[in-house]
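Peer 1: After the structure tokens below, expect a handful of questions from me.
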Amino acid sequence: MLRRQCPCRYAIDRITPAAAGIRRVVMQFVSRNTLATALAVLCLPTMAWAQDSAPATKVSAQIFVNASQLDRDGVDSDDEGLAMELKRTFITVDHRFNQQWSAQVTTDVQWLRNSDPTDVWLRHAYLQRSFGKGTWLRFGNAPLPWIQQESARDGYRYVDGALITRSKMGNAADYGVHGQYTRGDFTYAASVVTGGGYQKPRLGDHPDVEVRVGWAAAKGVELALGGYRGTRALDSGDMPREHTAQRWNAMASWVGERGRMGAQYFYAEDWTRVVKPGSDDQRGWSVWGSYQLSPQYAVFTRHEETRMSLDINPLNRERYHLVGVEWKPNKYLRLAAVGKQVTQETATARKESHEAGLWAQLAF
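Residue numbers 1 to 364, in our numbering, belong to the letters of the sequence shown in order.
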């Protein structure tokens, strides 16, 4: 009697038992390795995103200190002579909640020559919502757009503040709502703030506004315009407002691999006359430059001129000049030998001061 054979529909059904065993081993090996590889490739972006967005806290510090000899021609002053200064001590805590939300708190202490240390200031205390690279909102005490960028472009904040900082024509930080939007080569920034600044927080009758627009015209080149309008929180209480303070800014700067250079100008109306009768305007300009001789050594210079009373005391003028050589022994320390000269002129007098010494920045 003949045994009936089942018809084989596919070639794979005709594989011998030995071949079938080999097939099962090969398929098992290929499947496991292929699956593992595929899972690894698919999970890498997820793992990277999870790592980037995981909560994290970072603590850092930045200290500006100097030892210098100060001489004032024709004037006896308590701050003359050789002395040390603790210009700034920043302690910063950054906390990231996730990819969108973060917070920063920065404290600030000064100890100027021949004086007592200041109280601990709350330099920054804000919550940030990020919307992508260069675009965010900040709520609280955060940096104002103009001074933050002028310090970054100058590059030698530890030696002295730049034009707006040194002339006290603006605040480095203030309480309010701050935003920045970056699109292409343009960056737009605005702050709606109290006007009182971070050192002496106070409220006026109306909020102040500062804006800045920066254009990255070429590699390392930025052209910027900005402005400020408000009462600087001086019209609070029994002090009625007489004027509204306004300031306009312009800056052109270049930052390269081995050098920096730039210039800026400001014009202001009634910056010091908000609660005083009589209008008065102010203006000033500065130029700066630096060159990296080697990875460790650089030379830098800056010149400023300001006129803080164009209408009431039009002959008042101040000229400021500095020159220095910097040494960077490592990534934590910057040292500079600096010479400064300040000349102040009024209708009846001319005063000159000279300062020379060592300035240092310690960051960790």
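All C-beta atoms in this analysis are idealised placements derived from N, C-alpha and C, irrespective of residue type, glycine included.
None of these values were measured; they are calculated from a predicted model.
Rank 118, 284 and 75 by C-alpha distance to the C-alpha of residue 166 and give the top, closest one.
Peer 2: 284
Peer 1: For residue 233, I'd like the list of residues in its chain whose CB is within less than 7 Å of its CB, leaving aside the five on either flank, ordered along the chain.
Peer 2: 194, 195, 196, 202, 203 and 204
Peer 1: Counting only runs that start and end within the stretch 194 to 240, where is the beta strand (DSSP E) found for 3 or more residues in a row?
Peer 2: 208 to 218 and 221 to 230
Peer 1: Look up residue 57 in the DSSP assignment and say whether it is helix, strand or coil.
Peer 2: strand
Peer 1: Thinking C-beta only, is residue 106 closer than 8 Å to residue 95?
Peer 2: no
Peer 1: For residue 185 versus residue 146, is the C-beta distance shorter than 8 Å?
Peer 2: No. Outside cutoff.
Peer 1: Buried or exposed for residue 76, please, with buried defined as at least 16 other CB atoms from any protein chain shown within 10 angstroms of its CB.
Peer 2: exposed
Peer 1: Using the three-state DSSP reduction, which class does residue 247 fall into: helix, strand or coil?
Peer 2: strand
Peer 1: Per DSSP, residue 126 forms a beta bridge with which residues?
Peer 2: According to DSSP, residue pairing for residue 126 in a beta bridge involves 104 and 140.
Peer 1: Could you tell me the boundaries of the beta strand (DSSP E) in which residue 282 lies?
Peer 2: Residues 281 to 292.
Peer 1: Following the continuous beta strand (DSSP E) through residue 91, name the residue where it begins and the one where it ends.
Peer 2: 81 to 96
Peer 1: Which whole-angstrom value describes the C-beta separation of residue 299 and residue 153, a residue pair presumed to lie in contact below a C-beta threshold of 8 Å?
Peer 2: That pair is no contact at about 18 Å.
Peer 1: Could you give the residue range of the beta strand (DSSP E) that holds residue 322?
Peer 2: 317 to 327
Peer 1: Are there 16 or more other CB atoms within 10 angstroms of the CB of residue 354, so buried, or fewer, so exposed?
Peer 2: exposed
Peer 1: Could you check what DSSP says for residue 164 in three-state terms: helix, strand or coil?
Peer 2: helix
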